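**Student:** The following block contains the structure, expressed as structure tokens.
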Amino acid sequence: MITFEDVTKRYRDGTVAVDDLSLEVPTGAITVFVGPSGCGKTTSLRMINRMIDATSGRITLDGQDVREIDPPTLRRGIGYVIQQAGLFPHRKIVDNVATVPYLLGWSKKKARTRAMELLELVGLDPGLAGRYPFQLSGGQQQRVGVARALAADPPVLLMDEPFSAVDPIVRASLQDELLRLQSELRKTIVFVTHDIDEAVKLGDTVAVMRVGGRLAQMAGPATLLTEPADDFVREFLGRDRGIRRLSFISAKEVRLSPSPSDLVTDEDGRALGWRTADGLAAHGTFNPETDSLRVALDAALLSPNGTAVAVDEEGRVRGVAGRDAIDELLAEYAPPAAGRAPGGSSGGSSSGAGDSEGAPA
Amino acid sequence: MNWLADFFGDAGHWSGPDGIPVRLLEHLEFSAAAFLVAALIAVPLGMLIGHTGRGALLVVVAANAARALPTLGLLVLVVLLAGVGTVLPVLIPLIVLAVPPILVNTYEGVRGVDADLRDAAYGMGLRGRQVLFRTLTPVALPLILLGLRLAAIQVVSTATVAAFVGLGGLGRFIIDGLATKTYADVIGGAVLVAALALAVQFAFVLLDRVAVSPGVRQVR
Ligand SMILES: Nc1ncnc2c1ncn2[C@@H]1O[C@H](COP(=O)(O)OP(=O)(O)OP(=O)(O)O)[C@@H](O)[C@H]1O
Ligand SMILES: [Mg+2]
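Here the protein sequences line up with chains A and B, keeping their order.
Following the UniProt record's numbering, the numbering of the first sequence begins with 1 at its first residue and continues without gaps.
Following the UniProt record's numbering, the numbering of the second sequence begins with 1 at its first residue and continues without gaps.
Here you go:
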């Protein structure tokens, strides 16, 4: 666990980048620092590995004050990924990844073997190992940056906007990859971003910061979406909070009905469409095992009759869920009736926040 | 062309204490000595100043002051102070000439390394000296070599002045040729100096190939 205790950072020019920050970063989970530009996210992150030293207050790593540890030693035990990857241009990919193992005195052979494992772990072709960084795409370089940070198997990983320099499609795949990795590795990750969607997607916990390095709210993403602490957080979260929150509810609990006769399937049991007078109509599917309620609702909205088709991994129909079934679950996960602020937290000022009241019965 | 044939075709020019091989060797000796001393001063100094950021003013001042100094003037001055016939008066102006390009380019190379890269190096847990030697220097190497090359070429060309103070080297052909109006010698000597400068240039191209990482060479 990493703890911030009354941490303040005042730069030499007098800028207070972080003001009296106290929070706990739980072990084995992703904690995201998010907030507008200049709010002190990077400063907060870099105080953990002492790239910056706090002006006052204390940061502890598993109970030990980081100030008691010599910075290079501390940093070798903490993975660090930065925005532009920061790969060493003069070293081959494999040696870039093996940087920390070399520093720790591993033999060249052992370090390189480890580096090859890591390239595979982050989804890179081992054939890239002998290339130089300039021969890789931005997305590939970023993966190498992650592999390099993980090379010596540090328990803690610090990531400062690691995916913000790549295009949205690559970013989404890097995010998915990180989640997959994390489900295997269970590192303590502090992830900095100014993109609230990224924060909500990746964070087990999200710390929203406001300018001046003050913590506005720290909560799980679903809670954040339904119960923003104040107007600043609400505004920062943006539109469609109600819909977006559904991403955090599993579709597993959606009550399924047997497949009706007007759902046409092929011989393997895969849905082809709904039978109508004019022929087959489009249908939407969701996999209750892996998808969220948001996907289920989306599937229902895609079908002319408002019924979502539940399928298994192979795409075979397992049943259907009408809007009534989806609405039952929506009601179950309705936000708490008592709003936090007098203004109420579920309606808010956002026009997109129709929430469950708006769904048809 | 006749003059060149006269010079290079004369068997007498290829042997004895006044022959091309001996003069060439002398020339290389002065040049190499001056170049090595200059490199030993300027490379570490440039690296240190580039890495720490301390003493940057020194680089600027040294560069401008040295650029303004006339080599021949300095030579005469040193000779007056040290006396004719010793090697030192020749070496000092050559060293003074060679230091600035090496110092400036080494400094610029090290200081100019991308801040993110420097940051990443520290962030991985490299210590200050490791950052300098394992990251900054290899990345700055093309510029460092450029400085060394410029210096070497200047030294090789300018070492001709050794002849002014009665020392050997290829300058002898030029100075003596002028004195005796043997223009074949003047031209022959000048061609040899130019060829030597080209050879130095070529040697550095090879060195660049061998020493600079392909990853860095491509980036530039
Ligand atoms: N070295 C420095 N000297 C003085 N002020 C600084 C320094 N570094 C950052 N600041 C200031 O401290 C504040 C916080 O900076 P920081 O880099 O932590 O923000 P950030 O949240 O990471 O922003 P971004 O999303 O733009 O990366 C800003 O006002 C910034 O201008
Ligand atoms: Mg930042």
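Glycine included, each C-beta is placed from N, C-alpha and C at the ideal position.
Note that this is a predicted model, so its numbers are computed, not measured.
Which residue comes first and which comes last in the beta strand (DSSP E) that contains residue 127 of chain B?
**Tutor:** From DSSP, residue 127 of chain B is part of no beta strand (DSSP E); its letter is neither H nor E.
**Student:** Who does residue 49 of chain B pair with in a DSSP beta bridge?
**Tutor:** Note: residue 49 of chain B sits in no beta bridge, so no partner.
**Student:** Counting only beta-carbon separations shorter than 8 Å, does residue 58 of chain B have a partner in chain D?
**Tutor:** No chain D appears in this structure, whose protein chains are A and B.
**Student:** Which residue marks the beginning of the beta strand (DSSP E) containing residue 202 of chain B, and which one marks its end?
**Tutor:** Premise fails: residue 202 of chain B lies in the alpha helix (DSSP H), 183-211, not in any beta strand (DSSP E).
**Student:** Classify residue 340 of chain A as buried or exposed, calling it buried when 16 or more other Cβ atoms lie within 10 Å of its own Cβ.
**Tutor:** A caution first: residue 340 of chain A carries a pLDDT of 49, below 50, which makes its placement in the model unreliable, though a value can still be read off. That one is exposed.
**Student:** In chain order, what residues of the same chain lie with their CB nearer than 6 Å to the CB of residue 14 of chain A, ignoring the 5 residues before and after it?
**Tutor:** If we look at residue 14 of chain A and ignore the five residues flanking it on each side, it has no Cβ neighbours.
**Student:** Give, in chain order, every residue of the stretch 278-294 of chain A whose Cβ lies closer than 7 Å to some Cβ of chain B.
**Tutor:** Answer set for the stretch 278-294 of chain A: empty.
**Student:** Does ligand 2 have a heavy atom nearer than 7 Å to the CB of residue 42 of chain A?
**Tutor:** Residue 42 of chain A Cβ: within cutoff of ligand 2.
**Student:** Have a look at residue 105 of chain B and residue 87 of chain B and give me their C-alpha separation to the nearest angstrom.
**Tutor:** About 28 Å.
**Student:** Given a threshold of 16 other Cβ atoms within 10 Å of its Cβ, counted over all protein chains shown, does residue 211 of chain B qualify as buried or as exposed?
**Tutor:** Per the 10 Å Cβ criterion, exposed.
**Student:** How would you call residue 184 of chain A, buried or exposed, if buried means at least 16 neighbouring beta carbons within 10 angstroms?
**Tutor:** Residue 184 of chain A comes out exposed.
**Student:** Verify the CB distance criterion: does residue 138 of chain B have a CB-CB separation below 8 Å to chain A?
**Tutor:** Cβ-Cβ to chain A under 8 Å: yes for residue 138 of chain B.
**Student:** For the alpha helix (DSSP H) containing residue 10 of chain A, list its first residue and its last residue.
**Tutor:** That residue, residue 10 of chain A, is in no alpha helix (DSSP H); its beta strand (DSSP E) goes 2-10.
**Student:** Answer with buried or exposed for residue 226 of chain A, where buried requires no fewer than 16 other C-beta atoms within 10 angstroms of its C-beta.
**Tutor:** Buried.
**Student:** With 16 other CB atoms within 10 Å as the buried threshold, where does residue 95 of chain B fall?
**Tutor:** It is buried - the Cβ of residue 95 of chain B has at least 16 other Cβ atoms within 10 Å.
**Student:** With a threshold of 7 Å, establish whether the CB of residue 15 of chain A neighbours any heavy atom of ligand 4.
**Tutor:** This structure does not include ligand 4; its bound ligands are ligand 1 and ligand 2.
**Student:** For residue 62 of chain A and residue 1 of chain A, which I take to be in contact (beta-carbon distance under 8 Å), what is that distance rounded to the nearest angstrom?
**Tutor:** 6 Å between Cβ atoms; contact.
**Student:** Under 8 Å by Cβ, that's how I've got residue 7 of chain B and residue 169 of chain B pegged, so tell me the actual separation to the nearest angstrom.
**Tutor:** The Cβ separation is near 16 Å, so there is no contact.
**Student:** Which value, in whole angstroms, describes the spacing of the CA atoms of residue 242 of chain A and residue 336 of chain A?
**Tutor:** Answer to the nearest angstrom: the Cα atoms are 13 Å apart.
**Student:** When we look at the beta-carbon of residue 367 of chain A and count the other beta-carbons within 10 Å, is it buried (16 or more) or exposed?
**Tutor:** The requested residue 367 of chain A is not part of the displayed model; chain A covers only 1 to 361.
**Student:** Below 8 Å on the Cβ atoms is my contact criterion, and I expect residue 151 of chain A with residue 98 of chain A to pass it. Report the Cβ-Cβ distance as a whole number of Å.
**Tutor:** Contact flag correct, Cβ pair sits at about 6 Å.
**Student:** Under 8 Å Cβ-Cβ, which residues of chain B neighbour residue 103 of chain A?
**Tutor:** Per Cβ cutoff of 8 Å: 124, 125, 126 and 130.
**Student:** If residue 139 of chain A and residue 122 of chain A are in contact, beta carbons under 8 Å, what's the gap, nearest whole angstrom?
**Tutor:** The pair is not a contact, with the Cβ atoms about 11 Å apart (cut-off 8 Å).
**Student:** Three or more C-beta pairs closer than 8 Å, one from the stretch 150-158 of chain B and one from the stretch 101-119 of chain A: is that the case here?
**Tutor:** With the cut-off at 8 Å, the stretch 150-158 of chain B and the stretch 101-119 of chain A do not touch.
**Student:** On a Cα-Cα basis, can you pick out the residue from B:39, B:29 and B:167 that is closest to residue 149 of chain B?
**Tutor:** Selected option, being the one with the closest Cα: B:39.
**Student:** With a cut-off of 8 Å, does the C-beta of residue 11 of chain A fall near any C-beta of chain B?
**Tutor:** Chain B, which has no Cβ nearer than 8 Å to the Cβ of residue 11 of chain A, makes this no.
**Student:** Looking at the unbroken beta strand (DSSP E) that takes in residue 47 of chain A, where does it start and where does it end?
**Tutor:** Where residue 47 of chain A is concerned, there is no enclosing beta strand (DSSP E), although the alpha helix (DSSP H) it sits in stretches over 41-48.
**Student:** Please confirm whether residue 53 of chain B has its beta-carbon closer than 8 Å to some beta-carbon of chain A.
**Tutor:** No, no contact with chain A.
**Student:** Just to confirm, are residue 308 of chain A and residue 286 of chain A a CB contact at a threshold of 8 Å?
**Tutor:** Closer than 8 Å, so yes.
**Student:** With the cut-off set at 8 Å, would you say residue 24 of chain A and residue 57 of chain A are in Cβ contact?
**Tutor:** No, Cβ-Cβ distance for residue 24 of chain A and residue 57 of chain A is not below 8 Å.
**Student:** By the criterion of Cβ-Cβ separation under 9 Å, what are the contact partners of residue 333 of chain A in chain B?
**Tutor:** By Cβ distance, chain B contributes nothing, its closest Cβ being about 41 Å from residue 333 of chain A, past 9 Å.
**Student:** Roughly how many angstroms separate the alpha carbons of residue 59 of chain A and residue 44 of chain A, rounded to a whole number?
**Tutor:** Distance between the alpha carbons of residue 59 of chain A and residue 44 of chain A: 10 Å.
**Student:** In the stretch 7-27 of chain B, which residues sit with their C-beta less than 9 Å from some C-beta in chain A, listed in chain order?
**Tutor:** Listed by position along the chain: nothing, the set is empty.
**Student:** Within the continuous alpha helix (DSSP H) that includes residue 314 of chain A, where are the two ends?
**Tutor:** Counting along the chain, residue 314 of chain A falls outside any alpha helix (DSSP H), and DSSP gives it neither H nor E.
**Student:** For the stretch 48-65 of chain B against the stretch 195-212 of chain B, are there 3 or more C-beta pairs whose distance is under 8 Å?
**Tutor:** The stretch 48-65 of chain B, when compared against the stretch 195-212 of chain B, does not touch it at the 8 Å Cβ threshold.
**Student:** Is the Cβ of residue 120 of chain B closer than 8 Å to any Cβ of chain A?
**Tutor:** True, the Cβ-Cβ gap to chain A drops below 8 Å.
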